[in-house]
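Residue numbers (this note's numbering): 110 to 216.
C-beta atoms are modelled at their ideal positions from N, C-alpha and C, and glycine is treated no differently.
Worksheet: the structure to be examined is printed underneath.
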Amino acid sequence: MRETLSLIFMFIGGLFNLFGCIGLVRLPDVYNRLQASTKCVTLGTCLTLFGIIISGPINASLKSLLCIIFILITAPTAAHALSRASIKSGVKLWEKSVINKLEEDKK
């Protein structure tokens, strides 16, 4: 039962990773790509590691838990730094973007 539950979590995590990678390739601008890759790949990797926690030995489970904590802290931080650097360097939004909160805040 534990192995089946573990495989389900790993499969769902793999799907999220796949969707995040597809979004990274298909979406039009850097800001949309950052959102797809950060949200999907973070969740997918955490689900995969959670599957290891369920079925793995105790030392692998502890390492997986530490990796989950590390990923949950660093992935959003890195995405924020990349988007801030993109804004400061003048990378424009996609022309069909509906709203730009940063421009509204400057007014």
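*Would residue 167 be called buried (16 or more neighbouring beta carbons within 10 Å of its own) or exposed?*
Along the sequence shown, one-based indexing puts residue 167 at 58. Label assigned to residue 167: exposed.
*Just reading off the alpha helix (DSSP H) that residue 119 is part of, what are its end residues?*
Locating residue 119 in the sequence shown gives position 10, counting from the first residue. First-last of the alpha helix (DSSP H) with residue 119: 111 to 135.
_Below 8 Å on the Cβ atoms is my contact criterion, and I expect residue 190 with residue 147 to pass it. Report the Cβ-Cβ distance as a whole number of Å._
The sequence position of residue 190 within the sequence shown is 81, counting from 1. The sequence position of residue 147 within the sequence shown is 38, counting from 1. About 11 Å separates the two Cβ atoms, so there is no contact after all.
_residue 192 to residue 184 span [Cα, whole Å]_ = On the sequence shown, position 83 is the one that residue 192 refers to. On the sequence shown, position 75 is the one that residue 184 refers to. Taking the straight line from one Cα to the other gives about 12 Å.
*Between which two residues does the alpha helix (DSSP H) harbouring residue 185 extend?*
Against the sequence shown, residue 185 aligns to sequence position 76. That run of the alpha helix (DSSP H) goes 167 to 197.
_For residue 154 and residue 136, what's the separation of their Cα atoms in angstroms?_
If you number the sequence shown from 1, residue 154 lands on position 45. If you number the sequence shown from 1, residue 136 lands on position 27. When rounded, the distance between both Cα atoms is 21 Å.
*Give every residue of the same chain whose Cβ lies closer than 8 Å to the Cβ of residue 124, excluding the five residues on either side of it in the sequence, and list them in chain order.*
Locating residue 124 in the sequence shown gives position 15, counting from the first residue. Only 153 meet the Cβ criterion.
*First and last residue of the alpha helix (DSSP H) that includes residue 205?*
The residue given as residue 205 occupies position 96 in the sequence shown. Where residue 205 is concerned, there is no enclosing alpha helix (DSSP H), given that its DSSP letter is neither H nor E.
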